[in-house]
Structure formats: C-alpha cells, structure tokens
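Residue numbers (our numbering): 57 to 454.
A short worksheet on the structure shown next.
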C-alpha cells in the first residue's frame with residue numbers, strides 16, 4: 057500500500073556519552089580533533105535520520121530501507137555484523153588480544169569501506185528512481201499537451217471543411233435548384249458522417265495512449281496517495297485520505313471503464329467495549345481490527361481507511377460484485393476469529409462486524425456511491441448485524 061515519515065524513537069544505544077564538561081553535551085570546542093567514538097556516534101545518527109526519512113523506491117519499501125540503515129547504525133555503535141553479512145569467526149589475533157587484555161579500537165572493528173559502498177549504492181538508486189519518476193511524469197504531461205494540440209488542429213481543419221460545405225448548400229438553397237440542393241445535401245451528410253467517425257476514432261486513440269501512460273505511472277500515483285494523512289490510532293488512512301481516493305477512483309473508472317466496489321464496515325456493539333472496558337481498550341480494539349482488515353484486503357490497489365469512530369471503508373478497484381462479496385466474506389471470517397487481549401482481562405474480546413457493499417455505477421458521483429454503500433450497511437445492521445448486505449440497485453443489475 058504507498059511513503060510516509062515515521063515517528064522518531066528515542067536513542068537507547070550509544071557507544072559514547074557526551075563529556076559532561078562539554079558545553080550542552082555538544083562535544084569538543086570547534087577546531088579541535090573529533091574523537092573517533094564521537095565520529096562513529098555522529099555517523100550512526102546520520103544513518104538513522106536517513107532511514108527515518110526514507111520513501112518507497114520501486115519494490116523496496118520505506119520500512120525495508122529504514123531497517124537497512126538501522127542495521128548499519130547498530131554495526132557502528134555495537135559492532136553487530138553489517139547487513140547481509142554473517143558474524144565472522146574469531147581469529148587467533150582477536151583471541152590473543154582479549155587474553156592479554158589488549159583493547160582493539162572501536163573504529164578498527166567497523167567496516168567503513170563497506171558502509172561507504174552501501175551508502176553510495178543507495179543514493180545512486182534513489183537518484184535514479186527520482187529522475188525516472190520525474191521523467192515519466194514529464195513525458196505523460198507532454199503527451200497530454202501534444203494530444204490536445206493535435207485534437208484541436210484536427211477539429212479546426214474539420215470545421216473549415218464543414219463550413220465550406222455548408223456555404224455551398226446554403227448557396228444551392230438560395231438558387232432554388234432542386235438537383236443542386238440534393239447533391240450538396242448528400243455531400244454535406246457524407247462529410248458530417250466521416251467527421252464524426254474520424255473524431256470518435258481519434259479520441260479513442262488518444263484515450264488509449266493516455267491510459268497506457270497512466271498505467272505505467274500507477275506506482276507513482278500510489279506513492280502520492282501514501283503521503284496523505286494517517287489516522288493516529290489505527291495507523292491506516294483517515295477520512296480525508298478516503299475522500300481524495302474515492303474521487304480518484306471515480307475519475308479512473310470514467311476514463312478506463314473499470315468499475316470497483318466500496319465496502320462500508322462497522323464494528324458491532326463497539327460502544328459496549330468503550331463503556332465496559334474504557335477507551336484505551338477501545339483504541340486497542342480499533343488497532344487490531346484495522347490490522348485485520350489490511351491483512352484481508354492486500355491487493356496492491358486495495359484501499360483501507362478509517363471512516364470515523366468504529367466505521368471503516370475499503371475500496372476494491374476493478375472488481376465485479378460476486379468477487380467483492382467473496383472477499384468480504386473472507387474478511388468477516390477473519391473478524392470473527394479475532395481475539396483482542398487487553399490488560400488484565402481474563403477473557404479476550406471477540407468481535408463481529410456489519411458490511412454494506414455497493415458497486416460503482418456508470419456516471420455515478422463519489423458521494424452517491426458512498427451513500428449507497430452506507431445504505432447497504434444500514435440494512436446489515438438493521439438485519440441483525442454480523443452480516444453482509446449489497447445495495448438493492450446492484451442486486452437488480454446483477
């Protein structure tokens with residue numbers, strides 16, 4: 057699912073504490089040589105900053121990149137093997153130094169050349185990815201501009217031809233010549249028919265060309281989506297993110313003709329959880345419920361968000377109604393099997409949920425789509441909860 061910055065944790069590992077005699081713990085005065093330990097600590101800190109601000113690069117996710125830099129930071133600080141390398145076997149010289157009490161400088165046990173290569177490789181990959189992404193966006197923009205220009209030029213040429221033919225027909229009518237009127241009318245109808253056919257073909261070709269380019273930019277579009285706000289409790293997308301996504305889904309469906317399904321999901325009797333066990337327990341229920349949804353709806357294009365309170369939404373792109381219902385049923389099974397353990401509770405909290413499904417209709421607005429899915433959810437709750445209902449309009453079309 058898409059990149060965001062993560063919260064910065066506290067630094068518990070450090071191989072060198074600041075000298076209490078230094079001003080504000082800031083190290084030696086400017087101009088003095090920096091001790092090797094402080095240099096390694098500084099390098100580790102910079103690596104962690106790089107990891108915390110990582111973003112998805114192709115198939116490599118931000119979390120994976122952050123873990124990569126964290127492993128290198130720990131290598132500098134406490135000497136664990138660097139990423140992709142097993143712990144080396146102890147040699148005789150190392151054993152001898154420990155037996156004689158001879159210390160090995162910390163910096164001499166660190167693979168600094170390997171770190172330099174790893175850092176350089178990552179920056180080159182990162183720069184190449186950004187350059188390619190910008191190039192792809194630039195190419196798509198120019199393709200759109202070029203297609204628009206060619207379309208306008210073709211329209212202008214056709215308009216001139218039609219205007220010329222209409223003037224000839226008008227002249228024949230003024231002269232009152234039946235044969236001329238018939239001849240000019242036939243030629244005008246033929247020209248208009250050709251014009252409409254050419255325009256339809258031209259527009260379809262332009263739409264197909266743009267569709268191919270946009271398909272190639274799907275990863276970049278998903279990364280833009282991932283920058284949207286995240287719900288602080290569940291750590292999935294929030295209502296604002298959903299509002300943007302649902303409009304985008306309608307636009308893509310209009311352009312490509314690929315209709316998706318919207319699931320509105322409500323946790324049954326959630327108020328009882330808050331009233332009985334308190335809001336901290338309720339927050340834990342929301343977190344685990346959201347995690348269960350993300351595990352159930354894990355296609356690349358699936359979008360899971362918290363709509364508000366105990367209500368969640370899932371957008372399934374390019375899917376028919378029977379398949380969407382099957383996927384929703386699997387989600388219901390996972391929710392029923394979920395056990396939430398919290399604090400000193402002797403028994404885990406078990407959950408059920410109600411789900412409403414609506415498939416996007418041709419020409420439908422985002423707000424109308426959401427309203428139909430919400431209506432189906434209302435039917436599920438009124439029907440006894442722990443069930444799935446499909447909007448009646450979709451059932452009629454099916």
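Ideal Cβ positions, reconstructed from N, Cα and C, are used throughout, including at glycine.
Asked                                                                                                                                                                               : Found
Give a yes or no on contact between the segment 313 to 322 and the segment 422 to 436, applying the rule of three or more CB pairs nearer than 8 Å.                                 : yes
So which of 185, 95 and 231 has the shortest CA-CA distance to residue 116?                                                                                                         : 185
Are residue 14 and residue 352 closer than 8 Å when you measure CB to CB?                                                                                                           : There is simply no residue 14 to check, as the chain begins at 57 and stops at 454 in what is shown.
Does the segment 301 to 310 come within contact of the segment 369 to 387, defined as at least 3 CB pairs closer than 8 Å?                                                          : yes
Can we say the segment 396 to 406 touches the segment 441 to 448, given the rule of at least three CB pairs closer than 8 Å?                                                        : no
Among 298, 434 and 343, which residue has its Cα nearest to the Cα of residue 398?                                                                                                  : 343
Using the beta-carbon count (16 or more within 10 Å), is residue 232 buried or exposed?                                                                                             : exposed
Here's the rule: buried if 16 or more other CB atoms are within 10 angstroms of the residue's CB, otherwise exposed. What is residue 301?                                           : buried
Looking at the structure shown, is residue 319 part of a helix, part of a strand, or coil, going by DSSP?                                                                           : strand
To the nearest angstrom, report how far apart residue 323 and residue 363 are at their CA atoms.                                                                                    : 12 Å
Would you check whether the ligand GDP has a heavy atom nearer than 7 Å to the C-beta of residue 178?                                                                               : What this structure holds is no ligand at all, so the ligand GDP is not there to describe.
Given residue 130, which residues of its chain have a CB within under 6 Å of its CB, disregarding the five upstream and five downstream residues?                                   : 136
Leaving aside the five residues before and after residue 435 along the sequence, list all residues of the same chain whose C-beta is less than 8 Å from its C-beta, in chain order. : 412 and 445
Going by Cα to Cα distance, which pick from 239, 234 and 235 is closest to residue 221?                                                                                             : 239
Since residue 360 contacts residue 350 with CB under 8 Å, what's their CB separation in whole angstroms?                                                                            : 5 Å
Could you tell me how far apart the beta carbons of residue 299 and residue 377 are, in whole angstroms, since I believe they sit closer than 8 Å?                                  : Going by Cβ atoms, the distance from residue 299 to residue 377 rounds to 24 Å, so no, they are not a contact pair.
Where does residue 252 fall in DSSP's three states?                                                                                                                                 : helix
Specify, as a first and last residue, the run of the beta strand (DSSP E) that residue 110 falls within.                                                                            : Where residue 110 is concerned, there is no enclosing beta strand (DSSP E), given that its DSSP letter is neither H nor E.
Would you decide whether residue 425 is buried or exposed? Buried here means 16 or more other CB atoms lie within 10 Å of its CB.                                                   : buried
Return yes when the Cβ of residue 132 is within less than 8 Å of the Cβ of residue 166, no when it is not.                                                                          : yes
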